[in-house]
Amino acid sequence: VGDSEEVQKSRHWMNKEFLVKGSGKNKQEIACFIKAPATVLENLKCSILNDISSLVVDDSEELVSNVISIECYDNENLLFPINIAIPFTSCFRGNHREIVVKVTDMNFQSNYLTPISLQGYQGNHKASFAEVKIYHLGVFSVLSCLKKETFTVPKVGLLQKLNVDSRISFYYHPEAFSSPAPMQIKIQPIEPSLVSALKARHDMYHSVISTSALVHVQHPSAQPFNSSVTITLPCPPSPDKKRQGDETEHATAISATVKRFAAAYHPRAVNTSVRKSGDNLSDTLKLLGHGSKEEGWKVFDDVIIQNAQNGLVSFELNKHLESFFFFFFSFLLEKTHLLLFAQALEAALCSTMANVILYQKRENPYKIVVLLSASKDLTNELQNLHEEGYFGPPEPTQQFPLRQGEQIHFRFKGNISASENGEDFRKVYRLIFHSQRQPRLELQIKEVDEFGNHSSPHYKGTAVFYKITREMIPKKWDQTLPFDEYQHQSPLCKLALTLPK
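FYI, the UniProt record's numbering numbers position 87 of the sequence shown as 87, with every residue one higher than the one before it.
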């Protein structure tokens, strides 16, 4: 009879809610829902591992959920496949991104799963859930990633217009490859505001007018090109018409130099840069790219440009490039400046400007909140904190760039120390940056020496913040915070705070 009951339980699928201790005030939160046979559900354990979130994201990946681990007490009773549904919160940004579930194993090897559902209900809970079918356990995270478009180029050739933007096309001529060749393409938009920010910080980029999107291509078969591929990209020649007068003034002074250089080093540049639409005649067009990250950026002067009209650029490419983009500029830049611009643009695309906020509770100055905010969200974050009763001083820090998964470690110095639980003071604390999540810590502070700061009506202390890049983070599951490893590192910033005596 027992065996019969076990058989029935193994056949009976259930949808179970897994709860874990939440952050903050000892609340419980949903880690995930798992749909599996009853005998499997009895042996599964789920936990949240947000401390390792730095290790599950790459530069273009935005974490939008908790990082959860699913383990099994009894592998003998483990049957696959099973379905898991992970709650997430995401701001979808355009047609270029998609939601995926990343699975990471104990050796930090990862693969990606496309959700079978993003439905808003699990049981009685209304939220966004990424549901996937899995065939092994591991560590799971929901990410917003650049959308990948996959297609295969047959021997007869192919004209492929991309779903993310139908203006972008790849035309592979017949016999371009000796056998069918799979391709994977991602499009990373470059906002005009990003280019403007780079120009504002560096005078050498003043002549840059606009760029195309950054195109990422994977060519798994690595077959050589038998003939060129014709690529068409949107690249508006001048997104800001009112600035053309300024650009013309710069360009007129060196127009003769531009034409001499164009004729000598880029025979087609004179024709391709003079567009028939009546735009500034001194605009110039360049392709930058690399075959791999290890190779670094290169300027491709010999690329054959077929057309540069109506905001579209068509050109021929006869070799594989892993990443590339076009940009217009109003007068020639030195090649070293072109490469520096590509590097700066790539770094800016991978970074988000952020601020640290440290506010005290107005009705109880011994309670503070410390959080990382993307600079574009700073005004809203401050308003939310005010509504919760938190105010400065200190004021938020100056903005600084952070990549996805980079960390801010901080400690308190002077006559003020802090604790999460009211007991363990003088620790190091950590905030992990993910642009679609708001890392936050609520702490209690107290004076170290009640007789200190005797000449002041306040106890005084300083919160010292250090930036930890992903390269500095060890690839291990135990992410214990160090204490004395910052003496050789310059602080990112400091915030002074006081307590009344």
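Quick reminder that beta carbons are idealized off the backbone N, C-alpha and C, glycines included.
Considering only residues of the same chain and omitting the five flanking positions on each side of C91, which have a CB-CB separation below 7 angstroms? Position 91 of the sequence shown, counted from the start, is the residue given in the question as residue 91. Here C91 has Q436 as same chain residues with Cβ atoms under 7 angstroms from its own Cβ, once five neighbours each way along the sequence are excluded.
Measuring only the C-alpha atoms, how far is V64 from V448? Locating residue 64 in the sequence shown gives position 64, where the first residue counts as 1. Locating residue 448 in the sequence shown gives position 448, where the first residue counts as 1. So the alpha carbons of these two residues sit roughly 38 angstroms apart.
To the nearest angstrom, how far is the alpha carbon of N43 from that of I34? Translated into the one-based positions of the sequence shown, residue 43 becomes position 43. Translated into the one-based positions of the sequence shown, residue 34 becomes position 34. Going from the Cα of N43 to the Cα of I34 covers about 12 angstroms.
Thinking I187 and L162 are a contact (beta carbons under 8 angstroms), I'd like their distance in whole angstroms, please. Against the sequence shown, residue 187 aligns to sequence position 187. Against the sequence shown, residue 162 aligns to sequence position 162. Rounded, the Cβ-Cβ distance is 7 angstroms, consistent with contact.
Where do the N-terminal and C-terminal ends of the beta strand (DSSP E) with A308 fall, by residue? The sequence position of residue 308 within the sequence shown is 308, counting from 1. Counting along the chain, the beta strand (DSSP E) containing A308 begins and ends at 304 to 309.
Assuming P192 is part of the alpha helix (DSSP H), what are its boundary residues? Your numbering for residue 192 matches position 192 in the sequence shown. For P192, the uninterrupted alpha helix (DSSP H) segment begins and ends at 192 to 201.
Following the continuous alpha helix (DSSP H) through Q188, name the residue where it begins and the one where it ends. For the purposes of this step, residue 188 is taken as residue 188 along the sequence shown, with counting starting at 1. No alpha helix (DSSP H) holds Q188; the beta strand (DSSP E) holding it covers 181 to 188.
Which one of I368, S178, E423 has the shortest CA to CA distance from S227? Counting from 1 along the sequence shown, the entry for residue 227 is found at position 227. The shortest Cα separation from S227 among I368, S178, E423 belongs to S178.
Grouping DSSP H, G and I as helix and E and B as strand, with all else coil, what is Y359? As a working note, residue 359 is residue 359 in the sequence shown. Strand at Y359.
To the nearest angstrom, how far is the alpha carbon of D203 from that of I305? Within the sequence shown, residue 203 is the residue found at index 203, counting from 1. Within the sequence shown, residue 305 is the residue found at index 305, counting from 1. One C-alpha to the other measures close to 28 angstroms.
Which same chain residues, not among the five before or five after C235, have their C-beta less than 6 angstroms away from its C-beta? If you number the sequence shown from 1, residue 235 lands on position 235. Once the five neighbours on either side are set aside, the close Cβ partners of C235 are S212, V313, F326.
Can you tell me whether Q39 is buried or exposed? The criterion is at least 16 other CB atoms within 10 Å of its CB, across all chains shown. Numbered from its first residue, the sequence shown carries residue 39 at position 39. One point to set straight first is that residue 39 is Thr, not Gln, in the sequence displayed. T39 is buried by the Cβ-count criterion.
Consult DSSP for A176 and reduce its assignment to one of helix, strand or coil. As a working note, residue 176 is residue 176 in the sequence shown. Coil.
For N50, does the three-state DSSP call read helix, strand or coil? Walking along the sequence shown from the start, residue 50 turns up at place 50. In the structure shown, N50 sits in a helix (DSSP, three-state: H, G or I).
Should residue 503 go down as buried or exposed, given a rule of 16 or more other Cβ atoms within 10 Å for buried? What is shown of the chain runs 1 to 501, which leaves residue 503 out entirely.
To the nearest angstrom, how far is it from the Cα of S373 to the Cα of Q407? Numbered from its first residue, the sequence shown carries residue 373 at position 373. Numbered from its first residue, the sequence shown carries residue 407 at position 407. Near 13 angstroms, if we compare the C-alpha coordinates of Q407 and S373.
Given this structure, state the Cα-to-Cα distance separating V20 from C32, to the nearest angstrom. Within the sequence shown, the letter at position 20 stands for residue 20. Within the sequence shown, the letter at position 32 stands for residue 32. Distance between the alpha carbons of V20 and C32: 9 angstroms.
Could you compute how far the alpha carbon of C350 sits from the alpha carbon of S54? Within the sequence shown, numbered from 1, the residue matching residue 350 stands at position 350. Within the sequence shown, numbered from 1, the residue matching residue 54 stands at position 54. Taking C-alpha positions only, C350 is separated from S54 by approximately 14 angstroms.
Given this structure, state the Cα-to-Cα distance separating C145 from K446, to the nearest angstrom. For the purposes of this step, residue 145 is taken as residue 145 along the sequence shown, with counting starting at 1. For the purposes of this step, residue 446 is taken as residue 446 along the sequence shown, with counting starting at 1. Note on geometry: alpha-carbon atoms of C145 and K446 lie some 42 angstroms from one another.
When you compare the CB positions of P154 and A130, do they come within less than 8 angstroms of one another, or not? Translated into the one-based positions of the sequence shown, residue 154 becomes position 154. Translated into the one-based positions of the sequence shown, residue 130 becomes position 130. Result no, Cβ atoms of P154 and A130 do not sit closer than 8 angstroms.
If contacts are defined as beta-carbon pairs under 8 angstroms, then S323 and H216 qualify, I think. What distance do you get, rounded to the angstrom? Within the sequence shown, residue 323 is the residue found at index 323, counting from 1. Within the sequence shown, residue 216 is the residue found at index 216, counting from 1. Confirmed, about 5 angstroms.
From K298, K413, V428, residue whose alpha carbon lies closest to that of E420: For the purposes of this step, residue 420 is taken as residue 420 along the sequence shown, with counting starting at 1. Of the candidates K298, K413, V428, V428 places its Cα closest to the Cα of E420.
Closest residue to V321 among Q184, T89, F412, L285 (Cα-Cα distance): Position 321 of the sequence shown holds residue 321. Correcting the residue identity first, residue 321 is Leu in this sequence and not Val. Sorting Q184, T89, F412, L285 by C-alpha distance to the C-alpha of L321 places Q184 at the top.
Within the continuous alpha helix (DSSP H) that includes H386, where are the two ends? Here residue 386 is taken as the residue at index 386 of the sequence shown, counted from 1. 378 to 387 is the extent of the alpha helix (DSSP H) around H386.
Residue burial classification, Q404 (beta-carbon count within 10 angstroms, cutoff 16): As a first step, residue 404 must be located in the sequence shown, where it is residue number 404. By the neighbour-count rule (16 or more Cβ atoms within 10 Å), Q404 is buried.
At the level of alpha carbons, what is the spacing between P158 and F140? Working through the sequence shown from its first residue, we reach residue 158 at position 158. Working through the sequence shown from its first residue, we reach residue 140 at position 140. Checking the displayed sequence, the identity of residue 158 turns out to be Leu instead of Pro. L158 and F140 have their alpha carbons spaced roughly 37 angstroms apart.
In the DSSP assignment, the beta strand (DSSP E) including F341 goes from what residue to what residue? To locate residue 341, count along the sequence shown from 1; it is residue 341. Where F341 is concerned, there is no enclosing beta strand (DSSP E), although the alpha helix (DSSP H) it sits in stretches over 335 to 349.
Nearest by alpha-carbon distance to K319: which of L78, G138, Y172 is it? In the sequence shown, residue 319 corresponds to position 319, counting from 1. Here the closest residue by C-alpha is Y172.
Classify W13 as buried or exposed, calling it buried when 16 or more other Cβ atoms lie within 10 Å of its own Cβ. Working through the sequence shown from its first residue, we reach residue 13 at position 13. Counting Cβ neighbours within 10 Å, W13 comes out exposed, since fewer than 16 surround it.
For M14, does the three-state DSSP call read helix, strand or coil? In the sequence shown, residue 14 corresponds to position 14, counting from 1. Annotated three-state conformation of M14 is strand, per DSSP.
Residue range of the unbroken alpha helix (DSSP H) whose run includes V40: Walking along the sequence shown from the start, residue 40 turns up at place 40. Here the alpha helix (DSSP H) through V40 covers 38 to 41.
Contacting residues, own chain, Cβ-Cβ under 6 angstroms from V370 (five flanking each side not counted): Position 370 of the sequence shown, counted from the start, is the residue given in the question as residue 370. L358, L441.
Between F412 and Q489, what straight-line distance do the alpha-carbon atoms span, to the nearest angstrom? In the sequence shown, the residue the question calls residue 412 occupies position 412. In the sequence shown, the residue the question calls residue 489 occupies position 489. Approximately 16 angstroms, taken between the alpha carbons.
Please classify Q343: is it buried, with 16 or more other beta-carbons within 10 angstroms of its beta-carbon, or exposed? By 1-based counting over the sequence shown, the position of residue 343 is 343. Answer is exposed; the Cβ neighbour count stays below 16.
Do K467 and L443 count as a contact pair if the criterion is CB distance below 8 angstroms? Within the sequence shown, the letter at position 443 stands for residue 443. Within the sequence shown, the letter at position 467 stands for residue 467. No, these two residues do not count as a Cβ contact at 8 angstroms.
Under the three-state reduction of DSSP, which class applies to M472: helix, strand or coil? Translated into positions along the sequence shown, residue 472 becomes position 472. M472: helix per DSSP, three-state reduction.
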